[in-house]
Amino acid sequence: MVFRHDKKYGQNFLTDTNLLSAIVNDSGITFDDTVVEVGAGAGALTAQIAKKAKQVISYEIDKRLETVLESNLSGLSNVQIIYGDALKNELPSELKPYGYKVVANLPYYITTPLLFWFLERDNPPSSLTVMVQEEVALRMSASPATPDYGALSAVIALRGTAKMTRKVGRNMFSPPPNVDSAVVRIDLNPPEDNIDYAAVTRVIRAAFAMRRKTLVNNLMLLGLNRENAVKAVEAVGLKADIRGERLGTKEFVEITRQLGMRIMQNA
Ligand code: SAM
Numbered sequence: 245m246v247f248r249h250d251k252k253y254g255q256n257f258l259t260d261t262n263l264l265s266a267i268v269n270d271s272g273i274t275f276d277d278t279v280v281e282v283g284a285g286a287g288a289l290t291a292q293i294a295k296k297a298k299q300v301i302s303y304e305i306d307k308r309l310e311t312v313l314e315s316n317l318s319g320l321s322n323v324q325i326i327y328g329d330a331l332k333n334e335l336p337s338e339l340k341p342y343g344y345k346v347v348a349n350l351p352y353y354i355t356t357p358l359l360f361w362f363l364e365r366d367n368p369p370s371s372l373t374v375m376v377q378e379e380v381a382l383r384m385s386a387s388p389a390t391p392d393y394g395a396l397s398a399v400i401a402l403r404g405t406a407k408m409t410r411k412v413g414r415n416m417f418s419p420p421p422n423v424d425s426a427v428v429r430i431d432l433n434p435p436e437d438n439i440d441y442a443a444v445t446r447v448i449r450a451a452f453a454m455r456r457k458t459l460v461n462n463l464m465l466l467g468l469n470r471e472n473a474v475k476a477v478e479a480v481g482l483k484a485d486i487r488g489e490r491l492g493t494k495e496f497v498e499i500t501r502q503l504g505m506r507i508m509q510n511a
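Take the working numbering: the last position of the sequence shown gets the number 511, and nothing is skipped along the way.
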C-alpha cells in the first residue's frame with residue numbers, strides 16, 4: 245500500500261541514513277538516555293535513535309502509520325509509540341525533570357507550541373535536538389537587539405543555550421517542504437532556585453506581545469498600571485521607552501523581580 249502523506253500534519257519524512265545518524269550524533273545521546281520523539285512518521289529517525297539510546301518514547305498523531313511503524317521498527321524492543329497528539333498527551337510520569345532528552349524532526353505547523361510545551365513544563369528535558377524550519381532555527385539562537393530575536397529566543401536563553409548544528413536542504417525530505425531546514429540543539433541549564441521561571445516566561449511573552457510597542461506598554465498587558473511598569477523598568481537601570489527586543493536574560497529576570505514586588509505591594 246502506498247502511504248499518502250498528510251500535509252496538515254507536516255508529514256515530510258527523512259530517509260537518508262547518513263543524515264539521520266548525523267542528527268542523532270548532534271544530540272549527543274548515549275545508552276543511558278531515555279529519548280522522547282515527537283512525530284515518529286515512518287520511523288526512520290526513531291530507528292536511528294533506538295540504536296543509540298536506552299529507550300525511545302515516540303508520539304505519532306496519525307494512526308494510519310501504525311502498520312508502517314510496526315513493520316519498520318520490528319525487532320527494536322526499546323521503542324514505545326504513543327498514538328495521539330503530543331500536545332494533548334501527558335508525558336509518562338517516569339520522565340523526571342532533566343531526566344530525558346528530546347530528538348525530533350518536528351511537524352512544522354506546531355514547532356513553536358511544541359518547543360514552549362517542553363520548555364515550560366515542570367519536567368523539562370535536559371536537551372532538545374530538533375529539526376525545524378531554518379527561519380525558526382535562526383530565531384531560536386538569536387541574540388538580543390538582532391532582527392530574529394523574539395519571545396522564543398528569550399525563553400530559550402532563559403533556560404539554556406541553543407546552537408544550530410547543521411542546515412538541511414528541502415530536497416532531503418519526502419515530499420520536500422517549501423522551505424529549507426536546520427537542526428538546533430538546546431542544552432538546558434540546571435534551574436536556579438532564586439528564579440521563578442514561569443513568571444519570567446510570562447514577562448517575556450508579554451514583552452514581545454506587540455513588537456512595535458515599548459516594553460512598558462507591553463508590560464501593562466500583565467495588569468500593571470503605567471506608573472508601576474515604568475518604575476520596574478527604571479529600577480533595573482533601563483530607560484522607560486526601551487523595547488523588549490533589547491533585553492537579555494538578566495534584565496528579564498530582574499524586571500520580573502521588580503514586577504513581583506510591585507504587584508504584591510498593590511495587592
Ligand atoms: N520522524 C519522521 C522523520 O523524520 O521522517 C517524521 C517527521 S515529520 C516532519 C512529523 C511527524 O509528526 C509526522 O509523522 C506527523 O504525522 C507527526 N505529527 C504531526 N503533528 C503531531 C502531533 N501533534 N503529535 C504527534 N505527532 C504529530
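Glycine included, C-beta positions come from ideal geometry on N, C-alpha and C.
Reduced DSSP category for residue i - H, G, I as helix; E, B as strand; rest coil
i      : result
Ile301 : strand
Met235 : Missing from the structure shown is residue 235; the chain here goes from 245 to 511 and no further.
Arg501 : helix
Val246 : coil
Arg429 : strand
Gln342 : Contrary to the premise, residue 342 reads as Tyr rather than Gln in this sequence. Residue state, collapsed to three classes: coil.
Phe362 : helix
Val279 : strand
Val380 : helix
Ile205 : In this structure the chain extends from 245 to 511, so residue 205 is not present and cannot be described.
Val323 : strand
Run of the beta strand (DSSP E) containing residue i, from where it starts to where it stops
i      : result
Ala348 : 345-349
Leu372 : 371-377
Ala293 : Checking the sequence shown, residue 293 turns out to be Ile, not Ala. Element bounds for Ile293: not the beta strand (DSSP E) but the alpha helix (DSSP H), 288-296.
Arg410 : 404-412
Buried/exposed call for residue i, threshold 16 Cβ in 10 Å
i      : result
Pro419 : exposed
Ser387 : exposed
Met508 : Low confidence applies to Met508: its pLDDT is 49, below 50, so where it sits in the model is not reliable enough to give any reading.
Pro351 : buried
Leu396 : buried
Glu338 : exposed
Own chain, CB closer than 6 Å to residue i, minus 5 neighbours either side, in chain order
i      : result
Gly287 : Leu313, Asn316, Leu317
Leu465 : Ala450, Ala453
Gly272 : none
Of the listed residues the options, nearest to residue i (C-alpha basis)
i      : options                        : result
Val500 : Arg487, Lys483, Asp485, Ala473 : Checking the displayed sequence, the identity of residue 500 turns out to be Thr instead of Val. With distances taken between Cα atoms, Thr500 lies closest to Ala473.
Arg403 : Asp437, Thr409, Asn269         : Asp437
Gln255 : Val323, Asn433, Thr278, Met375 : Met375
Arg455 : Arg490, Tyr353, Ser425, Asn322 : Arg490
Ile486 : Asn462, Glu471, Lys494         : Asn462
Close beta carbons around residue i, own chain, < 7 Å, minus the five adjacent residues each side
i      : result
Thr458 : Asp485, Ile486, Arg487
Ala460 : According to the sequence shown, residue 460 is Val rather than Ala. Only Arg470, Ala473, Val474, Val477, Ala484 meet the Cβ criterion.
Delimiting residues of the alpha helix (DSSP H) encompassing residue i
i      : result
Val477 : 470-479
Val312 : 310-316
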